[in-house]
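S.K.:
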Amino acid sequence: MTRTEQLAAKYPDWDNWIWQVKHRITSVDTLSKWFPLTEKDKSDIGQCLKFFRMGITPYYLSLINPDDPDDPVKKQCIPSIMETYPCGDDQTDPLNEDGDSPVPHIVHRYPDRVLFLVTLKCSTYCRHCTRRRLVGEGDRIIGEAALQNALKYIRRHTEVRDVLISGGDPLVMATGKLEHIIQGLRDIPHVDIVRIGTRVPVVMPMRITDELLDMLKKYQPIWINTHFNHPNEITPASSKACRKIADAGIPLGNQTVLLRGINDNTPVMKDLMYKLVHNRVRPYYLYQCDLSRGISHFRTTVETGIKIVHDLQGFISGFAVPKFVIDAPGGGGKVPINYNYQISHDEKEYVFENYEGKIYRYPEPERYDEKK
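Take any residue in the sequence shown, count from 1 to its spot, add 680: that is its number in the working numbering.
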């Protein structure tokens, strides 16, 4: 039996998502009861918790191999003393979300869509979180007055056709509360697409219940973006959650963050992308790690991401290759960063290489301007 199966057999309510939230590991003492810690571990984690909160579902903790000091799940959820090391590039709000927030809870950066932050709570607090200035600081969800104010803003801005509900994690909220928010958006005629950003299929897959999906199906088109970073996170439970979402007719995409020592090489990333598409999850973005406080130890060089995507191109299906982006510091938005396949061009031809490095030429049409 796997460690997850052993714990599931021990705790009768293991598959109840409310039990998982209630039993999140949030302190060093509780963590030491679930996971072996040295005295140095306890001291380092305690020091980190003076600055950043910890929260881990028992399910996600069970995925860690305690015999592997470099376990990729452990690095993503158990605090490290490196989070306390200063870095001159760190920023409290690296994406300038506060600066692009015209009213509380709304970030309006792109012309036709807004980010709607409805909660500060997650079931598991990722150590690489870009929004750690807010998320985990309190388990608050949006109040009714603030919700109506945010909906009023969206209603007034008729150019907004796409709303991404995020936080925190919206799926940690009660189904009725989430429906109240979605229903408010669906009452706005110009809102076409509603998206939900969530990590619960990864860290608490038992949250994907029939009740939740039956509710979401009433408000199509709904899209869900989730956040798998490593193949070890794809388990029978998370695969079941993804299958249920897909079977409900809800498109499911994945946003991976490039993390040093976790997924910063082609074999791991290739395995992850294979497993995602097997579970009907479309790889969407590969993010360069942001400049948030306390996560500089996760950052790779930009060239690392370029190389990984280049190595994937042509060797797995095109729809399985994520788009590598940097979310520009200061609020510039997502910028695609690509390998340059173009070698040269003039008015007669383009010269470029393919995924194998072979050189090809493509002739430009003659007298194109005259034929317009």
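Yeah, the Cβ is synthetic: ideal placement off N, Cα and C, and Gly gets one too.
Buried or exposed: which applies to D638, given that a residue is buried once 16 or more other Cβ atoms fall within 10 Å of its Cβ?
M.R.: The structure shown does not extend to residue 638, since the chain is modelled only from 681 through 1052, so no value can be given for it.
S.K.: What does the Cβ neighbour count give for I1039, buried or exposed, with the cut at 16 atoms within 10 Å?
M.R.: Exposed: under 16 other Cβ atoms inside 10 Å.
S.K.: Suppose contacts are defined by Cβ-Cβ distances below 7 Å. Is V1001 in contact with K1014 by that definition?
M.R.: It is not a contact, given that the beta carbons lie outside the stated cut-off.
S.K.: If I follow the unbroken alpha helix (DSSP H) through W694, where does it start and stop?
M.R.: Element bounds for W694: n/a, residue is neither H nor E.
S.K.: Bridge partners of K722, per DSSP?
M.R.: None, per the DSSP bridge assignment.
S.K.: Can you tell me whether DSSP reads A926 as helix, strand or coil?
M.R.: Helix, per DSSP.
S.K.: To the nearest angstrom, report how far apart F715 and N1020 are at their CA atoms.
M.R.: Between F715 and N1020, the C-alpha separation is close to 46 Å.
S.K.: May I have the straight-line CA-CA distance separating T936 from F995, to the nearest angstrom?
M.R.: Spanning the two alpha carbons is a distance of roughly 19 Å.
S.K.: Would you kindly check if the distance between the Cβ of G933 and the Cβ of Y964 is under 7 Å?
M.R.: Yes.
S.K.: Hey, how far is the Cα of I925 from the Cα of K987?
M.R.: Roughly 32 Å separates the two Cα atoms.
S.K.: In the DSSP output, which residue or residues are listed as bridge partners for Q993?
M.R.: DSSP, once it has assigned bridges, lists I996 as partnering Q993.
S.K.: Would you mind sorting V982 into buried or exposed? The rule is 16 or more other CB atoms within 10 Å of its CB.
M.R.: Exposed, because fewer than 16 other Cβ atoms sit within 10 Å of the Cβ of V982.
S.K.: Are T878 and T906 closer than 7 Å when you measure CB to CB?
M.R.: In contact: T878 and T906 (Cβ atoms closer than 7 Å).
S.K.: I need the DSSP call for G1013, collapsed to helix, strand or coil.
M.R.: Three-state DSSP puts G1013 in a strand.
S.K.: Compare the C-alpha of V882 against each of T915, T946, K897, G941 and name the closest.
M.R.: It is T915 whose Cα lies nearest to the Cα of V882.
S.K.: Taking C-alpha atoms, which residue in W697, K950, P901, A921 lies nearest to H910?
M.R.: Residue K950 is the option with its Cα nearest to H910.
S.K.: Would the stretch 690-710 and the stretch 883-900 be scored as touching if the rule is three or more Cβ pairs under 8 Å?
M.R.: Taking 8 Å as the limit for Cβ pairs, the verdict is that the stretch 883-900 does touch the stretch 690-710.
S.K.: Do I822 and V798 have their CB atoms nearer than 7 Å?
M.R.: Yes; because the gap between Cβ atoms is below 7 Å, this pair is in contact.
S.K.: Output the boundary residues of the alpha helix (DSSP H) element that contains L896.
M.R.: Per DSSP, L896 belongs to the alpha helix (DSSP H) from 890-897.
S.K.: To which residues of the same chain is N959 closer than 6 Å at the C-beta, ignoring the five residues directly before and after it?
M.R.: Within the same chain, N959 has close Cβ partners S919, C922.
S.K.: Rounded to a whole number of angstroms, what is the C-alpha to C-alpha distance between A689 and I1017?
M.R.: Taking the straight line joining both Cα atoms gives about 46 Å.
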